Amino acid sequence: MGSFTPKQSLTVLDNRTGNSYEVPIKNNAIQATAFTQMKATPQAVFGAQDRPEDETEKGIRVSDSAYTNTAAVTSSITFIDGGRGILRYRGYPIEQLARKSHFLESAYLLIYGELPTAQRYDAWSNEVLHHTYLHHDVEHVMSSFRYDSHPMAMLISGFAALGAFAPEANPSLQGQNLYSNAAKGNVEALAQMDKQIMRLIGKAPTLAAATYRNRQGRPFNRPPTGLSYSGTFLYCLDQLSEHQYKPNAVLERALDILFLLHADHEMNCSTATMVHVGSSLVDPYSAVAASCAALYGPLHGGASEAVVRQLIDINGPENVPKFIEQVKRKERNLAGFGHRVYRTTDPRSTIIREVAEQVFSVTGRSKLLDTALALRDAAEKDDYFKSRNLHANVDFFSGIIYQQMGFPLDFYPVLFAVPRVVGWLAHWRQAMLSPSQRIWRPKQIYIGASERDYVDVKQREEAREPKYGSGPVSVAHGGDSKRRHLATYLDETGKLHARSKL
Numbered sequence: 001m002g003s004f005t006p007k008q009s010l011t012v013l014d015n016r017t018g019n020s021y022e023v024p025i026k027n028n029a030i031q032a033t034a035f036t037q038m039k040a041t042p043q044a045v046f047g048a049q050d051r052p053e054d055e056t057e058k059g060i061r062v063s064d065s066a067y068t069n070t071a072a073v074t075s076s077i078t079f080i081d082g083g084r085g086i087l088r089y090r091g092y093p094i095e096q097l098a099r100k101s102h103f104l105e106s107a108y109l110l111i112y113g114e115l116p117t118a119q120r121y122d123a124w125s126n127e128v129l130h131h132t133y134l135h136h137d138v139e140h141v142m143s144s145f146r147y148d149s150h151p152m153a154m155l156i157s158g159f160a161a162l163g164a165f166a167p168e169a170n171p172s173l174q175g176q177n178l179y180s181n182a183a184k185g186n187v188e189a190l191a192q193m194d195k196q197i198m199r200l201i202g203k204a205p206t207l208a209a210a211t212y213r214n215r216q217g218r219p220f221n222r223p224p225t226g227l228s229y230s231g232t233f234l235y236c237l238d239q240l241s242e243h244q245y246k247p248n249a250v251l252e253r254a255l256d257i258l259f260l261l262h263a264d265h266e267m268n269c270s271t272a273t274m275v276h277v278g279s280s281l282v283d284p285y286s287a288v289a290a291s292c293a294a295l296y297g298p299l300h301g302g303a304s305e306a307v308v309r310q311l312i313d314i315n316g317p318e319n320v321p322k323f324i325e326q327v328k329r330k331e332r333n334l335a336g337f338g339h340r341v342y343r344t345t346d347p348r349s350t351i352i353r354e355v356a357e358q359v360f361s362v363t364g365r366s367k368l369l370d371t372a373l374a375l376r377d378a379a380e381k382d383d384y385f386k387s388r389n390l391h392a393n394v395d396f397f398s399g400i401i402y403q404q405m406g407f408p409l410d411f412y413p414v415l416f417a418v419p420r421v422v423g424w425l426a427h428w429r430q431a432m433l434s435p436s437q438r439i440w441r442p443k444q445i446y447i448g449a450s451e452r453d454y455v456d457v458k459q460r461e462e463a464r465e466p467k468y469g470s471g472p473v474s475v476a477h478g479g480d481s482k483r484r485h486l487a488t489y490l491d492e493t494g495k496l497h498a499r500s501k502l
């Protein structure tokens with residue numbers, strides 16, 4: 001028997017044609033486009049007929065719903081090993097950064113690839129913290145929302161509005177290669193890109209604070225000078241008419257660590273949105289607004305809020321066993337456990353547990369903590385959860401910290417969005433600097449009807465058993481709509497309409 005010589009490739013045998021293909025493996029990945037060369041003639045196999053819509057002669061498509069095993073980018077920013085519970089920013093373990101670094105320094109690291117020298121950091125932090133002011137008309141936009149508008153709805157609109165006040169930053173006005181020219185060594189394009197990055201990071205806490213103040217009917221604060229990034233945010237949130245107002249140092253540092261931990265998490269839903277939208281070469285303000293919309297979703301940015309609501313609903317550690325059994329019977333959902341990537345402990349959750357104790361030392365112990373600890377301990381000891389790798393994640397304790405710091409539940413996604421702007425921009429900048437940057441255009445597998453002829457409306461018939469969702473659900477109207485429905489009127493053509501059913 002001859003010796004086996006390993007090769008960095010994958011050999012694929014197409015049983016439809018008998019052809020063999022060798023696909024190179026690089027970084028333990030293969031190019032999906034390699035499968036396009038695997039073409040065949042449409043045929044019937046085991047009673048299944050290739051349809052014209054399958055486009056069999058154009059090569060095999062790779063099906064991966066929800067991107068469960070598709071690498072859409074090549075990145076040097078953040079590394080995650082979900083099996084071992086590892087998270088690193090540019091190679092630095094998150095534990096070291098949380099202990100020794102701070103948010104703006106780690107933001108520089110994420111965006112530019114290295115920890116800054118003292119001189120570079122001073123220049124960086126000064127630029128970011130001098131870009132905190134909002135245009136007066138943007139403040140008008142933020143103040144125009146109803147008092148009960150969701151903070152994330154306001155934040156999304158705020159980021160989009162910022163772009164309208166920076167026409168020099170809009171490729172649709174200045175030329176489509178305004179940023180992508182940076183990949184060709186154009187220093188002016190690179191400078192324009194970095195200016196918008198500093199603007200967005202600087203204005204993010206001011207916009208977020210504006211959503212909070214608008215909800216309370218309070219005037220917006222002017223950003224202070226001389227405070228840290230998280231200190232500036234807390235000042236804009238809370239300062240009223242006091243002189244020399246300074247946020248509590250423990251809360252300021254705790255929020256800074258939370259911001260650092262949430263700054264990036266590689267190709268999550270909102271970051272993928274940033275790169276996808278950015279691939280159209282739109283301005284970064286619009287792309288950040290789109291990413292905020294992705295983060296707004298309860299499966300992404302709303303997780304920490306769901307944890308607190310869950311703990312309130314459990315109503316005490318004595319009710320945890322009953323809740324655990326309901327979860328196992330799939331009668332209840334379990335928030336704050338498990339992760340799409342991590343199959344062991346989320347490294348951020350351990351750090352956040354320490355932060356929680358620091359916060360509680362000045363705010364007092366959270367009434368929800370005993371319930372949270374009982375829930376965590378019960379889940380970690382139960383084989384049902386252990387076999388499913390359901391460990392406490394970053395959202396489990398962060399929600400309790402936010403609650404104890406006095407933030408309303410619906411403000412939690414905003415607290416997630418402010419630091420995540422850094423991660424979004426780091427990935428956007430990386431994409432703009434890539435010579436192979438192209439607009440994202442995923443494939444689909446079409447399983448709908450084959451070609452059919454148009455049928456005149458008079459000849460169409462209702463299906464005997466219509467499929468669920470095959471038509472609009474009737475909308476119930478009330479109030480003035482009912483009165484209008486009973487009225488008669490002339491339309492623009494002069495035709496009389498009588499809607500009365502009486």
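If you use full-length UniProt numbering, the sequence shown closes out at 502, no skipped numbers anywhere.
Idealized CB from N, CA, C, for every residue including glycine.
Note that the structure is a prediction, hence the values are computed from the model and not measured.
Ignore the nearest five residues each way along the sequence and tell me which others in residue i's own chain have a CB closer than 6 Å to its CB.
i    : result
L115 : L109
P419 : F259, H262 and A263
Y384 : K328
A378 : V320 and I324
W440 : H276 and S279
D256 : H102, F103 and S230
For the beta strand (DSSP E) holding residue i, just list the boundary residues, first then last.
i    : result
F79  : T78 to D81
Y446 : It is not in any beta strand (DSSP E) - Y446 carries neither H nor E in the DSSP assignment.
Y89  : I86 to Y89
L415 : First-last for L415: Y412 to M432, but that is the alpha helix (DSSP H), not the beta strand (DSSP E).
E22  : N19 to P24
H265 : First-last for H265: undefined, no H or E at that position.
H497 : L496 to A498
In its own chain, which residues sit with a C-beta less than 7 Å from the C-beta of residue i, not counting the 5 before and 5 after it?
i    : result
A29  : A71
F411 : P151 and Y212
G231 : P247 and E252
K7   : none
Starting from the C-beta of residue i, find all residues in its chain whose C-beta is less than 8 Å away, skip the five residues before and the five after it, and write them out in chain order.
i    : result
T344 : G82, G83, R84, G85, N389 and H391
S63  : I445
G18  : none
R218 : L240
A431 : V73, V275, G278, S279 and Q437
L295 : M152, C269, S270, G301, P413, F416, A417 and R420
L502 : Any reading at L502 must be qualified, since the residue scores a pLDDT of 44, below 50, and its modelled position is unreliable; the value itself is stated next. Within the same chain, L502 has close Cβ partners L486.
S20  : T11, V12, L13 and D14
S76  : R90, G113 and Q430
If residue i and residue j are in contact, beta carbons under 8 Å, what's the gap, nearest whole angstrom?
i    : j    : result
I400 : S366 : 5 Å
L134 : L207 : 7 Å
S286 : G163 : 5 Å
V288 : S349 : Contact flag wrong, Cβ pair sits at about 27 Å.
I94  : L87  : 4 Å
Y147 : R215 : 6 Å
R16  : Q43  : 7 Å
V355 : I80  : About 20 Å separates the two Cβ atoms, so there is no contact after all.
For the alpha helix (DSSP H) containing residue i, list its first residue and its last residue.
i    : result
D383 : D383 to K386
S228 : Careful: S228 lies outside any alpha helix (DSSP H) and carries neither H nor E.
G223 : Here the sequence assigns Pro to residue 223, which means Gly is not the residue at that position. Careful: P223 lies outside any alpha helix (DSSP H) and carries neither H nor E.
P347 : P347 to T363
E325 : V320 to K328
S143 : H136 to S143
P284 : P284 to Y296
D50  : Note, D50: premise wrong, no alpha helix (DSSP H); not H, not E.
A71  : Per DSSP, A71 belongs to no alpha helix (DSSP H) and is neither H nor E.
L97  : I94 to K100
T11  : Taken as a continuous stretch (DSSP letters only), T11 belongs to no alpha helix (DSSP H), being part of the beta strand (DSSP E) at S9 to D14.
S106 : F103 to Y112
A306 : A303 to I314
Y489 : It is not in any alpha helix (DSSP H) - Y489 instead sits in the beta strand (DSSP E) that spans T488 to L490.
Y67  : Looking at the DSSP string, Y67 is not in any alpha helix (DSSP H), and its letter there is neither H nor E.
Y402 : V394 to Q404
Curious, which full-length alpha helix (DSSP H) runs of at least 4 residues does the UniProt region "Disordered" (462-482) contain?
-> none
May I ask you to verify whether the segment 350-369 touches the segment 272-280, counting CB pairs closer than 8 Å and requiring at least 3?
-> no
Report the residue ranges of all beta strand (DSSP E) runs contained in full by the segment 127-204; include only those spanning at least 3 residues, in chain order.
-> none
Counting pairs of beta carbons, one from the segment 304-318 and one from the segment 372-380, are three or more of them closer than 8 Å?
-> yes
Using 8 Å as the threshold, is the segment 193-207 in touch with the segment 124-134, meaning 3 or more CB pairs across them?
-> yes
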